[in-house]
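Residue numbers (our numbering): 639 to 814.
Here is the structure we will look at, set down as structure tokens.
Below you can see the structure in the form of structure tokens.
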């Protein structure tokens, strides 16, 4: 029964918490503190502070911790799944709709209109990363790493994971 309660404690805020993890924090608190009594408000605020101090999405960190505290490793898995399940279900449903109507002129037009937007967003993000890299490591280092990465990816068809790993090693050895 505890696993079902853990599932509901994180699934319901996932559905109702429009706006992501930070928007669902009060809903999770209501479930964990008020409804099930697993924690006091003070304990919950400490978990929230711990979750905020670590990198990554706050909702999954809190779910993993609280799920583990209440149900062990299986409880952590149930809580994590319950946190991502609403988004996962919605993506599957929307993908099903898109696939069902993929030959529709409206869906084709929507896809045609979305592609340039995605390209611009990726370009802006890439430029931001590039500018940050120049500021942090210098122009020469950044240009050399970018050029070598481009050659490895395009000319020699090296898998991107190996290029990223190589860049991480280079950064750790020469820039760290």
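The beta carbon of each residue, even a glycine, is placed where N, CA and C say it ideally should be.
Run of the alpha helix (DSSP H) containing residue 642, from where it starts to where it stops: 640 to 654
Proximity below 8 Å, CB of residue 659 to CB of residue 704: For residue 659 and residue 704, no; Cβs fall outside 8 Å.
Residues near residue 798 by beta carbon distance below 8 Å, same chain, minus five either side: 791
Residue 668, enclosing alpha helix (DSSP H) - first and last residue: That residue, residue 668, is in no alpha helix (DSSP H); it is neither H nor E in DSSP.
Length of the line joining the Cα atoms of residue 745 and residue 759: 21 Å
Residue from 686, 681 and 713 with nearest C-alpha to residue 639: The shortest C-alpha to C-alpha distance from residue 639 to any of 686, 681 and 713 is the one to 713.
Beta-carbon proximity list for residue 673, same chain, < 8 Å, skipping 5 on both sides: 647
Distance between residue 707 and residue 675 (C-alpha atoms, nearest Å): 13 Å
Whole runs of the alpha helix (DSSP H) within the stretch 746 to 813, excluding any shorter than 4 residues: 777 to 792 and 798 to 808
Distance between residue 768 and residue 731 (C-alpha atoms, nearest Å): 36 Å
Residues near residue 771 by beta carbon distance below 7 Å, same chain, minus five either side: 780
Given 8 Å, three or more beta-carbon pairs between the stretch 719 to 729 and the stretch 678 to 693: Output reads no: the stretch 678 to 693 does not touch the stretch 719 to 729.
Own chain residues within Cβ distance below 7 Å of residue 709, not counting five before or after: Hits under 7 Å: 640, 641, 644 and 716.
Cβ pair residue 667, residue 650 closer than 8 Å: No, these two residues do not count as a Cβ contact at 8 Å.
With 16 other Cβ atoms within 10 Å as the buried cut-off, status of residue 689: buried
Helix, strand or coil at residue 695 according to DSSP, with G and I counted as helix: coil
Of the residues 725, 685 and 737, the one placed nearest residue 652, counting alpha carbons only: 725
C-alpha distance - residue 784 paired with residue 662, whole-angstrom precision: 39 Å
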